[in-house]
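Input: a single structure, listed below in structure tokens.
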Amino acid sequence: PFHRSFRSKKVSWGRAARRRERALSTITRDTHRQLANMPHWYLWFLAVKPHVQGRGVGTLLLDEIQKLQDRDVFPCYLETSRLQNVAIYTKKKFRVEKEFCVVAKESREDEIQGFDVDLKMYAMLRPPMTTRAKL
Numbered sequence: 091p092f093h094r095s096f097r098s099k100k101v102s103w104g105r106a107a108r109r110r111e112r113a114l115s116t117i118t119r120d121t122h123r124q125l126a127n128m129p130h131w132y133l134w135f136l137a138v139k140p141h142v143q144g145r146g147v148g149t150l151l152l153d154e155i156q157k158l159q160d161r162d163v164f165p166c167y168l169e170t171s172r173l174q175n176v177a178i179y180t181k182k183k184f185r186v187e188k189e190f191c192v193v194a195k196e197s198r199e200d201e202i203q204g205f206d207v208d209l210k211m212y213a214m215l216r217p218p219m220t221t222r223a224k225l
């Protein structure tokens, strides 16, 4: 009996994970296409190991990305789910273009406790900080 209930829970979590991944992929793809339908840089992922956070490493990485972005005279687009990241990116001249929710569950019966929480996302864009024409 224990084995069957564990297996059933494992299958439910797997289905919920696939459902959440599909929902996240669909809405971020559609939002990206809507807001950044021009040549642009896409900051897909930027992370710093926890033990060195708060020491300026992320700022240095972002500064280098922004130098390249400004050199190319392209806007830079990103999505984040963390409000504290919105504050960081805002200081670096990004602006929130859209707030949206990722809703992975189809009905209340499909909800998996502690997993199917609606995820709030922020789509942000930073224009290039140069007016130099591309050669």
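According to my numbering, the sequence shown is numbered sequentially starting from 91. Beta carbons: idealized from backbone N, C-alpha and C, even for Gly.
In terms of residues, what are the limits of the alpha helix (DSSP H) holding A177?
Residues L173 to K181.
Top-ranked residue by Cα proximity to M214, from S102, E111, Y132 and L114
Of the candidates S102, E111, Y132 and L114, the one whose C-alpha sits nearest the C-alpha of M214 is Y132.
Which of the three DSSP states, helix, strand or coil, is assigned to M211?
Secondary structure at M211: strand, using DSSP grouped into helix, strand and coil.
Burial state of L150, where buried means 16 or more other Cβ atoms lie within 10 Å:
A residue is called buried once 16 or more other Cβ atoms fall within 10 Å of its Cβ, and L150, having fewer, is exposed.
Going by Cα to Cα distance, which pick from P217, C191, T121 and S115 is closest to P165?
Taking P165 as reference, the option from P217, C191, T121 and S115 with the minimal CA-CA separation is P217.
Selected residue, minimal CA-CA separation from A126, among K188, V192, P140 and V193
Of K188, V192, P140 and V193, the residue nearest in Cα terms is K188.
Is the distance from the Cβ of V192 to the Cβ of K210 below 9 Å?
In this structure, V192 places its C-beta atom within 9 Å of the C-beta atom of K210.
Tell me the DSSP bridge mates of T170?
Y212, per the DSSP bridge assignment.
What residue range does the alpha helix (DSSP H) around V147 cover?
Per DSSP, V147 belongs to the alpha helix (DSSP H) from V147 to D162.
Coarse secondary structure for W103, derived from DSSP in three states
Residue state, collapsed to three classes: helix.
Nearest residue (CA-CA) to T220, options A177, F190, S171 and R161
Measuring from the Cα of T220, the nearest candidate turns out to be R161.
Where do the ends of the beta strand (DSSP E) carrying W134 lie?
Run containing W134: none; DSSP gives neither H nor E here.
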